[in-house]
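Worksheet for the structure shown next.
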Amino acid sequence: MTRRLLTLMLAAGTALAHAEAPVPDAAFAARWIDTAYVGRHQALSAAGERFAVAAKALCAKPGDASLQAARNAWREAMLAWRTMDGATGGPMVLERSGRMLDFRPTRTQEIEKRIAAGEPVDPHNVSVRGLPAAEYLLYGDAQPKAQLARLRQAARCAYLQGVAERALLDIRQLDAGWTLYLTQLQGEADFFRRNLLAETIGLMLSGIEGAIRRLPRVEEAEPDAWPDWRSGLTKPALAAQLDGFATAYFGADGTDGLSAFVASQGHAKVNTLIKARYDAARTALAALPEQPVRQGTAQRDAVRNALVALKAALAGELAGALEVVLGFNDSDGD
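Going left to right, the sequence shown walks through residues -19 to -1, 1 to 315 as mature numbering (1 follows the signal peptide of the UniProt record, and there is no 0) numbers them.
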């Protein structure tokens, strides 16, 4: 009961704060979401389709070339997803796209059981599908050279193809949601525009927090403590998350992002601070070795500290300047 009362009080306080915060007009809101969010979604959809096509081609004719093509397509799809995950929004929250496409940890034993039984992908079990499941099937447990022989097994390759097709379906389910969201933002009622800043800034914070959590905290982390350890994609994936944040905040072309609205409200100094914090995070990430499991604690901590500083600028200076009160989100615990 106490928890529920606290939540209601915070919600009431947030509603009052939103009334004082500036409300983007329909033209800016639609332009921003269309270019900085829908544009990333369309890139993800295209990458997902290429992966589905490549997986089908691999199963039709397994070989070194078709396996490499499938891996390349998977890599593009995963990085496109990480870019989207760097700053989510709109229908992605309602559809819980992160769970559908990127649930971790992948239940490899359950995947093996389904393959052995000749069963297809379970659409209701997120732990045996999605892009991480595809990574396991394409790379094994960091044993890429052994996977071609395994994928020559019809049931195994069929499962991979099913995973790729399911991922594409999950992505395309967002098409109508983004179209509806753009319509809502341009409606006569300003409800969606009034909540736009709090929602998107909160989700930017969640994206940065997600990147922070991808960095193991133990000093001598085992290889499998790193995300994407099977494919070695950890560093590019972290960079893609930062790219997604940058697109959302600064705009796809550097002009139509949230920063333009912030500047129009007289807070150019906040943009300067966030750009400096973002640049520091990219610099720290660039110093991380391509194989992060071999890097020292100092390099890993530098990336974490830079991300924490970027997050603090969003939650502090940005939210304060726009008089936005941030509430609970999916990454908050009890």
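The beta carbon of each residue, even a glycine, is placed where N, CA and C say it ideally should be. It should be emphasised that the depicted structure is a prediction, and the values quoted were computed from it without experimental measurement.
Using the C-alpha atoms, what's the distance from M185 back to E1?
Taking the sequence shown and counting its residues from 1, the one referred to as residue 1 is at position 20. Taking the sequence shown and counting its residues from 1, the one referred to as residue 185 is at position 204. When rounded, the distance between both Cα atoms is 21 Å.
Report whether the distance from the Cβ of I189 to the nearest heavy atom of the ligand SAM is below 8 Å.
The ligand SAM is not among the ligands present in this structure, which contains no ligands whatsoever.
Quick check on the DSSP output: what are the complete alpha helix (DSSP H) runs of length 4 or more inside the segment 225 to 268, in order along the chain?
Counting only runs of 4 or more, we get 239 to 245 and 249 to 267.
Suppose the cutoff is 8 Å on Cβ atoms and the five residues either side in sequence are ignored; what does the same chain contact list for A192 look like?
Taking the first residue of the sequence shown as position 1, residue 192 is located at position 211. Only G67, L219, Q222, L223 and L288 meet the Cβ criterion.
At what residue ranges does the segment 59 to 107 contain a whole run of the alpha helix (DSSP H), taking only runs of 4 or more?
The segment 59 to 107 contains these whole alpha helix (DSSP H) runs: 72 to 76, 78 to 83 and 89 to 97.
Below 8 Å on the Cβ atoms is my contact criterion, and I expect M73 with G225 to pass it. Report the Cβ-Cβ distance as a whole number of Å.
Within the sequence shown, residue 73 is the residue found at index 92, counting from 1. Within the sequence shown, residue 225 is the residue found at index 244, counting from 1. That belief does not hold up - the Cβ atoms of M73 and G225 are roughly 12 Å apart, past 8 Å.
With a threshold of 7 Å on Cβ separation, who are the neighbours of D315 within its own chain once the five nearest residues in sequence on each side are excluded?
Along the sequence shown, read from residue 1 onward, the residue named residue 315 stands at position 334. Caution applies to D315, whose pLDDT of 31 falls short of 50 and renders its modelled position unreliable; the value that the coordinates give is listed next. Excluding positions up to five away in sequence, the list is empty.
Anyone know if the C-beta pair for R195 and T215 falls short of 9 Å?
Within the sequence shown, the letter at position 214 stands for residue 195. Within the sequence shown, the letter at position 234 stands for residue 215. Their beta carbons are under 9 Å apart, which means R195 touches T215 by this criterion.
Could you check where the alpha helix (DSSP H) with V144 kicks off and where it finishes?
As a position in the sequence shown, residue 144 is number 163, starting the count at 1. It spans A135 to R153 - the alpha helix (DSSP H) in which V144 sits, taken as one unbroken run.
Can you round the beta-carbon distance between M81 and V107 to whole angstroms, since I take them to be within the 8 Å contact cut?
Within the sequence shown, numbered from 1, the residue matching residue 81 stands at position 100. Within the sequence shown, numbered from 1, the residue matching residue 107 stands at position 126. That pair is a contact at about 6 Å.
Indicate the three-state DSSP secondary structure (helix, strand or coil) for V109 in the structure shown.
Your numbering for residue 109 matches position 128 in the sequence shown. V109: helix per DSSP, three-state reduction.
Using 8 Å as the cut-off, can you tell me whether the segment 172 to 183 makes contact with the segment 3 to 10, which would need three or more C-beta pairs spanning the two stretches below that distance?
Contact holds: three or more Cβ-Cβ distances are below 8 Å.
Cα separation between D15 and E180?
As a position in the sequence shown, residue 15 is number 34, starting the count at 1. As a position in the sequence shown, residue 180 is number 199, starting the count at 1. Cα to Cα, the separation comes out at about 16 Å.
Should L166 be labelled buried (16 or more other beta-carbon atoms within 10 Å of its own) or exposed?
Position 185 of the sequence shown holds residue 166. It counts as buried.
Give the range of the alpha helix (DSSP H) segment to which G34 is assigned.
By one-based count along the sequence shown, residue 34 stands at place 53. The question names Gly, but residue 34 in the sequence shown is Val. Start and end: G20 to A41.
Taking the alpha-carbon positions, what's the A61 to D83 distance?
For the purposes of this step, residue 61 is taken as the residue at position 80 of the sequence shown. For the purposes of this step, residue 83 is taken as the residue at position 102 of the sequence shown. Those two C-alpha atoms are separated by around 12 Å.
Under 9 Å between the Cβ atoms of A58 and R31?
Against the sequence shown, residue 58 aligns to sequence position 77. Against the sequence shown, residue 31 aligns to sequence position 50. A contact, by the Cβ cut-off of 9 Å.
Do you know how far the Cα of G188 is from the Cα of T164?
Start at 1 with the first residue of the sequence shown, and residue 164 comes out as number 183. Start at 1 with the first residue of the sequence shown, and residue 188 comes out as number 207. If you take the alpha carbons of T164 and G188, they lie about 25 Å apart.
Using DSSP with H/G/I as helix, E/B as strand and the rest coil, what is R195?
As a position in the sequence shown, residue 195 is number 214, starting the count at 1. Coil.
Hey, how far is the Cα of E190 from the Cα of A139?
Residue mapping note: residue 190 aligns to position 209 of the sequence shown, counting from 1. Residue mapping note: residue 139 aligns to position 158 of the sequence shown, counting from 1. So the two alpha carbons sit approximately 35 Å from each other.
Would the segment 243 to 260 count as touching the segment 90 to 99 if we require 3 or more Cβ pairs under 8 Å?
Result no; under three Cβ-Cβ pairs closer than 8 Å.
Do you know how far the Cα of Q134 is from the Cα of K42?
Within the sequence shown, residue 42 is the residue found at index 61, counting from 1. Within the sequence shown, residue 134 is the residue found at index 153, counting from 1. Taking the straight line joining both Cα atoms gives about 12 Å.
So is Q142 buried or exposed if we call it buried at 16+ other beta carbons inside 10 Å?
As a working mapping, residue 142 is identified with position 161 in the sequence shown. Buried, by the Cβ-count rule.
Nearest to I96 by CA position, among H105, G79, A114 and P86, is which residue?
On the sequence shown, position 115 is the one that residue 96 refers to. For I96, the nearest C-alpha among the options comes from A114.
For G238, count the other beta carbons within 10 Å of its own beta carbon; 16 or more makes it buried, fewer makes it exposed. Which is it?
On the sequence shown, residue 238 is found 257 positions in, with the first residue counted as 1. Under this definition G238 is a buried residue.
Closest by CA to A54, which one among G29, G235 and V306?
Indexing the sequence shown from 1 puts residue 54 at position 73. Residue G29 is the option with its Cα nearest to A54.
Let me confirm a value: T69 is counted as buried when at least 16 other C-beta atoms fall within 10 Å, else exposed. Which label applies?
Sequence index remark: in the sequence shown, residue 69 carries index 88 (1-based). So T69 counts as buried.
Kindly list the residues whose CB is nearer than 7 Å to the CB of R217, restricted to its own chain and excluding five residues on each side of it in sequence; keep chain order.
Working through the sequence shown from its first residue, we reach residue 217 at position 236. In the sequence as displayed, the identity of residue 217 is Pro instead of Arg. Result list for P217: L60, in chain order.
By the three-class DSSP mapping on this structure, what secondary structure does L303 have?
By 1-based counting over the sequence shown, the position of residue 303 is 322. Residue state, collapsed to three classes: coil.
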